[in-house]
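I have placed the structure first, in the form of structure tokens, so that the comments after it can refer back to it.
In full-length UniProt numbering, the protein residues as written are 1 to 186.
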């Protein structure tokens, strides 16, 4: 199984990125007046394998999957380690076997995003294939000012060395077609 380290929130790997160095994590967003949680609504139960036993990180810390030597050796290079492999696919074509659906809303102000994502141990045929379900929050256009925050579940033998679903987050600070960004893997 995976080894999980509880890291102080202000020391999480995302803050190693040069533009975020010295920053502090934000607190939970404050809901605008008139926007309340539904009564009797409980938080979703965690389904990460490490959390099934009831394990959790103390307040003020975040869970980070410990990177192993095997993880690094699976990468094509040290420079590419932890980065999402970029496929060159034209927007007006669909690559063989690539399926996706898109739904979106556009407007002025949003106070969060939520998605219900099911992952039922999808099968991948080769170590370089992967399967994922995710939600994106996008700022800018699909031009040079694109910024994304992405979160979801993926099966990626190339990244993790097995076929187990893992939760991931990813963000970009420049056009998605570039190689900028960071992936946090739990």
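A virtual CB, placed ideally from N, CA and C, is assigned to each residue, including glycine.
On a predicted model such as this, the values are computed, not experimentally measured, just so you know.
query: Distance check for residue 102 and residue 132, CA to CA, integer angstroms please.; result: 14 Å
query: Tell me which same chain residues have a C-beta within less than 7 Å of the C-beta of residue 115, skipping the five on either side of it?; result: 135
query: Drop a sphere of 10 angstroms on the beta-carbon of residue 165, count the other beta-carbons inside from all chains shown, and report buried for 16 or more, exposed for fewer.; result: buried
query: By DSSP, does residue 157 sit in helix, in strand, or in coil?; result: helix
query: Exposed or buried, residue 78, counting other C-beta atoms within 10 Å across all chains shown (16 or more means buried)?; result: exposed
query: For residue 70, which residues of its own chain have a beta-carbon under 8 Å away from its beta-carbon, when the five flanking residues on both sides are left out?; result: 161
query: Nearest-angstrom Cα distance between residue 91 and residue 59?; result: Low per-residue confidence applies at residue 91: pLDDT is 46, beneath 50, and the placement is therefore not dependable enough to give any value.
query: Using the C-alpha atoms, what's the distance from residue 143 back to residue 12?; result: 30 Å
query: Nearest to residue 154 by alpha carbon, out of 169, 141, 55?; result: 169
query: Measure the Cβ-Cβ separation of residue 122 and residue 157 and say whether it is below 7 Å.; result: no
query: Do residue 4 and residue 50 come within 7 Å of each other at the CB atom, strictly closer than that value?; result: yes
query: Measuring only the C-alpha atoms, how far is residue 151 from residue 124?; result: 20 Å
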